[in-house]
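K.L.:
Under the numbering used here, the first residue of the sequence shown is numbered 566, with each subsequent residue one higher.
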Amino acid sequence: MGQSGAPNGWSVSFASSSLTLNSRHANSGSSQSVEVQVAVPADARADQDVEVTISASSSLASSLGPLAVETFRVSVAQIHELTVSTSVSDGEIMTQTGSAGEIVRFPFSIRNDGNIQDNYLFEACDDGVKTDCISPSWNTRFVDTQGNQISQVLIDPGQSASLEMQVTVDAGAFEFEEEEFRAQVYIQGNSNKIDSASFRVRVSNYDYSASIAFADPGDDPDALDLALAPGMDYSFDVLVSNTGNSSFEDEGLLSFSGMEGLVEVIFTSNGTEIDGPFVMGSPSSQPLPFTVTLRLLPAAEDGDYGTLTLNAASMNDAANPNSIRVLLSIATVYDIDVQVLTETTQEVNIGSSVQFELNVTNIGNSRAEYTVNLSDGLRGWTLSHDMDDTFFLDSGDSQIILIKASPPIGIVGEDRHPFVVRVEPIKSPLDGIPLDLVAIGIEPTWGDKLGLTESQENYVQMGGLGLIVIVLLGFILRASAQNRRMQADFESLEHED
């Protein structure tokens, strides 16, 4: 017995994988029943039937292939479920403030937890009456993300819809008056499946708001351009301020949107993760620093890109956040920086060697493997370096590389040998950096042959020059003395005459 056609996640099995049948000419035993067991995954959709093909073959005549084939259709029972959620924790009521005549907005989402597309209906209720949906005394309406007024929405299984319940504060409302509302959602044709979210409006003539800004902004203070390699984490700081006009403390809320499934965004304060409301002080207090960590998920691959929006809002006006943007591209950057720490042109005596010192820094965004390539040595020159065939550098790390150049024996006069050193990433050779270096081979001086350093040779030369000067002075002094003696003898002879 065999089967085919079951999609991934489904499994088809038989109560017995084989059976024995008599010939059709026998009085009995020519047919048997076999139970086929089909296991359906938890996320199987009710609106997508699956066809499974069962085949039977003979172990004694396997070359004939299937002897009988039967196809049957499997339907999944419909499940109708929903979840209504807001940005506040379970059991809490989202509270917003508004002045008389103002529209207060309450965002919420509806998720289809069933396995078939459903039409979801919603209505506004007075939350003071829990057992029934009584229309509230203040005007309300529901709108979608485009601002269109709606009363129902179609949602596919596993998907969500974002909506707003908008409440117009009564013109006669007084300061600090409160009204509670309930957005009640149910499935069309199945009114027993109901979920809801509760909201509270507090009347106030104050404005409540928050702002968010990069702690270290670039040319555009509201946007940050980033290129991250797959699997990377990246952190930066933001500042959140209370920008309302009341003199009281307020609660803030951080959120993000965009690049879902590719990036996880984590907000922390002093090492503690922030995933709900926090106290942000009065408008006169200092901005609060938060660290934002972007963690690329396994699904993020080179070539993906998008915009992350980071939001900060007052809990009293969560529907009107202040935002900054992260323009994020997923790309492995292999940039390197190579500096020559010695002179790029150096002289070397025949029979010796000279070293060029390089400093290589990985200025890309991921760990990379590198190699060092040298041009060929010409006219007997020997070129080498002190690295293995390849080496690794983490982002931001550096490595010193020594390049050795040795001239051939037998150079007469001077031999100028230019050559090229190229340091390049293994996975992206085009990002390599070429360097032009020159080694000049020269005949050794007499001091080199005696093993003297340049300073020692200078000392010897200066000493020799000094000796010559002393000898010359000796000759001059001796000649002067002889002249004086001869002059004295001559004067003595004149006196005798």
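Each residue gets a CB set at the ideal place from its N, CA and C atoms; glycine is no exception.
No experiment lies behind these values; they were computed from the predicted model shown.
#1: Just checking my contact of glycine 817 with alanine 878 at CB under 8 angstroms: how many whole Å lie between their CB atoms?
#2: In chain order, what residues of the same chain lie with their CB nearer than 6 angstroms to the CB of serine 820, ignoring the 5 residues before and after it?
#3: Measuring only the C-alpha atoms, how far is isoleucine 965 from arginine 987?
#4: Need the endpoints of the beta strand (DSSP E) that serine 888 sits in, please.
#5: According to DSSP, simplified to helix, strand and coil, what is glutamine 1052?
#6: Answer yes or no: does any C-beta atom of chain D fall closer than 8 angstroms to that of threonine 897?
#7: Please work out which residues of its chain come closer than 6 angstroms, Cβ to Cβ, to aspartate 959, disregarding the five sequence neighbours upstream and downstream, and give them in chain order.
#8: Measuring alpha carbon to alpha carbon, tell me which residue in Gly945, Asp882, Glu912 and Gln724 is nearest alanine 775.
#9: Thinking just about the alpha-carbon of each residue, which of Thr705, Ile681, Arg747 and Pro795 is nearest to the one in aspartate 691?
#10: Helix, strand or coil for aspartate 996 per DSSP?
#11: Whose C-beta lies closer than 7 angstroms to the C-beta of serine 974 among residues of the same chain, with five residues either side of it excluded?
#12: Near serine 993, which residues of its chain fall below 7 angstroms by C-beta distance, leaving aside the five closest residues on each side in sequence?
#13: Relative to the alpha-carbon of aspartate 798, which residue among Pro863, Gln851 and Ile681 has its alpha-carbon at the smallest distance?
#14: With DSSP as the reference, label asparagine 876 as helix, strand or coil.
#15: Give the DSSP-derived three-state secondary structure of phenylalanine 764 in the structure shown.
#16: Taking 8 angstroms as the threshold (C-beta atoms), are glycine 663 and valine 768 in contact?
#17: Given that a residue counts as buried once 16 or more other Cβ atoms are within 10 Å of its Cβ, and exposed if not, what is proline 572?
#18: Along the beta strand (DSSP E) that carries aspartate 980, what are the first and last residues, could you check?
#19: Helix, strand or coil: how does DSSP classify isoleucine 1033 here?
#20: Can you find the residues in the same chain that come closer than 6 angstroms, C-beta to C-beta, to valine 653, ignoring five residues on each side of it along the sequence?
#21: Mind checking whether threonine 696 and phenylalanine 673 have CB atoms under 8 angstroms apart?
#22: Is the segment 843 to 853 close to the segment 790 to 797, with three or more CB pairs under 8 angstroms?
#23: For threonine 910, write down the residues that DSSP places opposite it in a beta bridge.
#24: So what does DSSP say about methionine 659, is it helix, strand or coil?
#25: Consult DSSP for asparagine 573 and reduce its assignment to one of helix, strand or coil.
#26: Considering only the beta carbon of each residue, do threonine 858 and glycine 823 sit closer than 8 angstroms?
#27: Taking the beta strand (DSSP E) that tyrosine 799 falls in, what are its first and last residues?
#28: My assumption, with CB atoms under 8 angstroms, is that arginine 765 sits in contact with glutamate 743. Please give the rounded CB distance.
#29: State yes or no: is the C-beta of arginine 610 within less than 8 angstroms of the C-beta of proline 722?
#30: Would you report the Cα separation of threonine 705 and arginine 670, rounded to the nearest angstrom?
#31: So phenylalanine 707 is in the beta strand (DSSP E); what residue range does that whole segment cover?
#32: Give me the residue from Gly942, Asn930 and Leu1030 with the minimum Cα distance to isoleucine 1005.
#33: Check whether the Cβ atoms of leucine 686 and glutamine 717 sit closer than 8 angstroms, and answer yes or no.
#34: Mapping the DSSP letters down to three states, classify glutamine 1047 as helix, strand or coil.
#35: Report back the beta-carbon spacing between leucine 647 and glutamine 682 to the nearest angstrom; my notes put them in contact at under 8 angstroms.
#36: Run through DSSP, which three-state label would aspartate 787 get?
P.N.:
Quick look at the numbers:
#1: 7 angstroms
#2: Asn876
#3: 14 angstroms
#4: Annotation: the continuous beta strand (DSSP E) that includes serine 888 extends over 887 to 895.
#5: Three-state result, glutamine 1052: helix.
#6: Any reference to chain D falls outside this structure, which holds one protein chain only.
#7: Excluding positions up to five away in sequence, the list reads Arg932.
#8: Asp882
#9: Arg747
#10: helix
#11: Inspection of the sequence shows that residue 974 is occupied by isoleucine rather than by serine. Cβ within range, chain order: Ile915 and Gly916.
#12: Tyr899
#13: The shortest Cα separation from aspartate 798 among Pro863, Gln851 and Ile681 belongs to Pro863.
#14: strand
#15: Residue state for phenylalanine 764 is assigned as strand, using DSSP reduced to three classes.
#16: The answer is yes: Cβ separation under 8 angstroms.
#17: exposed
#18: Run containing aspartate 980: 979 to 990, per the beta strand (DSSP E) assignment.
#19: helix
#20: Met659
#21: no
#22: no
#23: Val1003
#24: strand
#25: coil
#26: Not closer than 8 angstroms, so no.
#27: 798 to 807
#28: 6 angstroms
#29: yes
#30: Whole-angstrom Cα-Cα distance: 10 angstroms.
#31: 705 to 708
#32: Gly942
#33: yes
#34: Helix.
#35: In fact, because the Cβ distance is near 12 angstroms, the residues do not count as touching under 8 angstroms.
#36: coil
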